[in-house]
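All letters in the sequence shown, in the order written, are residues 0 to 405 by my numbering. The beta carbon of each residue, even a glycine, is placed where N, CA and C say it ideally should be. Structure first, then comments.
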Amino acid sequence: MERRKFIRSAALGTAAGAVLTGCGSQSGDAPAVQTDTPMLRWRLASSFARSLDTIYRAAEVMSERVSQLTNGRFTIRVYPAGEMVPAFEVLESVQKGTVQMGHSAGYYYIGKNLAFVFETTVPFGLNARQFNSWVYEGGGLEILRELFADYGVLNYPGGNTGAQMGGWFNREINSLLDLRGLSMRIPGLGGRVMDRLGVTVQQIPGGEIYPALERGAIDAAEWVGPYDDEKLGFNQVANYYYYPGWWEPGANLSFFVNQQAMQELPSSYQAALEVAMAEANQYMLAKYDALNPPAFQRILESNIELRVFPKDVMDAAYSASEELLQEGRTDPGFAQVHDSFLAWRRDSDDWIHTAEYALFSYMHERTQARGRLRHSECPKNQVREKDQEDQTYDLNSYKRDDSPID
């Protein structure tokens, strides 16, 4: 661990120093860069539509900061999904050098390497804070980099959605049996879990989910949470809003950078790019945490019925998730990432549960006692009494056996 910290600190210190040595005082407060730095124009392909203004915007935040830090000498143009590269071909386009950068999600590419799922999120896995601590301080990034090195790509955290909702359904899910035959848009390992539970799984870009739901081409879909879901209009074409999003407890998006292109950048530009990507990573989660609460209240006040997944669905999903993760361990690369992930989660879960979960639970009870909206008191009875009395469960009880598999 200390060796990793030394290497990372040395690298960041060298890069930062390269930026600072190129900075000076001009006529105003704007930073200056070395006069011999080249004018460079990069292209970034996003997996997300421009209308998804929080996820897509993260790439623009990064691009704007790079331009500011280099006095406009290094600029990155962001292209929305489909404009230059199809949504699910971003990684390949970066690998080939069609574009120098991409903004996407690792779990879109588990067909190439199942271990890529850890680069985004796994069912019942890490939340956003835990993920950032794992990749930045727990050796997670170094391990994941080994996977992407085979593709000539460097991966960087590029924003986190936080815990997601369970999605929009056009029919009720009262038990595990109700999932059979359901057609649902859901990517990643969560999609493979749903497949094992009898769901017909489809992978559809965010901008195409609404028409698919409206036409009845799919019966259900998940995206992120209240703000995006409302913006995309899912509340207009589906009646039931389910939670929790057990498959995405903290979905990390990533910047993919062509390794050769990064190596060819002046050191000051490399530093500017790394700083800008880190800022975009922080931006996305903060933005969602600001936008989701009011959007959630608007949805609660509408005709939508808010439902909790039945316990037998949660139990079956948990078991199927475990099976898939254990099956993946036959690949040494997957097992290496999995071991690191499990060890970090075990210690982190113990700490967060002790320090924060108990306090948050108590505070939530007190908030309700002061008159905050209870689910059982939602307008139009969005959460049924049966859900509250018979189907409730403690999510904290879903703890996996973290012991390594022989």
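Asked, Found
"Cutoff 6 Å; reference Leu272; Cβ partners in own chain excluding five residues on either side", "Val65"
"Rounded C-alpha distance that separates Gln99 from Ala219", "35 Å"
"Span separating the alpha-carbon of Leu410 from that of Tyr226", "Since the first residue of the chain shown is 0 and the last is 405, residue 410 is not available in this structure."
"DSSP-derived helix/strand/coil call for His374", "Residue placement at His374 is flagged as unreliable, the pLDDT there being 49, under the threshold of 50; the coordinate-derived value follows with that caveat. Correct three-state label for His374: helix."
"The stretch 192-199 touching the stretch 162-173, judged by at least three CB pairs closer than 8 Å", "no"
"Distance between Pro37 and Ile185 (C-alpha atoms, nearest Å)", "43 Å"
"Residues bridged to Gly166 [DSSP beta-bridge criterion]", "Tyr241"
"6 Å CB neighbourhood of Leu231 in its chain, flanking five on each side removed", "Tyr209"
"Cβ distance (whole Å) where Asn154 is taken to contact Arg144 below 8 Å", "7 Å"
"Under 9 Å between C-beta atoms of Leu90 and Phe254", "no"
"Range covered by the alpha helix (DSSP H) that runs through Pro313", "The question names Pro, but residue 313 is Met in the sequence shown. Where Met313 is concerned, the enclosing alpha helix (DSSP H) stretches over 310-327."
"His337 versus Asn169: straight-line alpha-carbon distance, rounded", "35 Å"
"Meets three-Cβ-pair contact criterion under 8 Å: the stretch 42-60 and the stretch 78-92", "yes"
"Among Thr97, Met183, Met61, Ala57, the one whose alpha carbon lies nearest that of Gln269", "Met61"
"Contacts around Val223, its chain only, beta-carbon distance under 6 Å, and the 5 residues preceding and following it disregarded", "Thr160, Gln163"
"Helix, strand or coil at Ile75 [DSSP, three-state]", "strand"
"Three-state class that DSSP yields for Glu304 in the structure shown", "strand"
"Nearest neighbour of Asn112, chosen from Asp349, Asn238, Asp330, Asn257 [CA to CA]", "Asp330"
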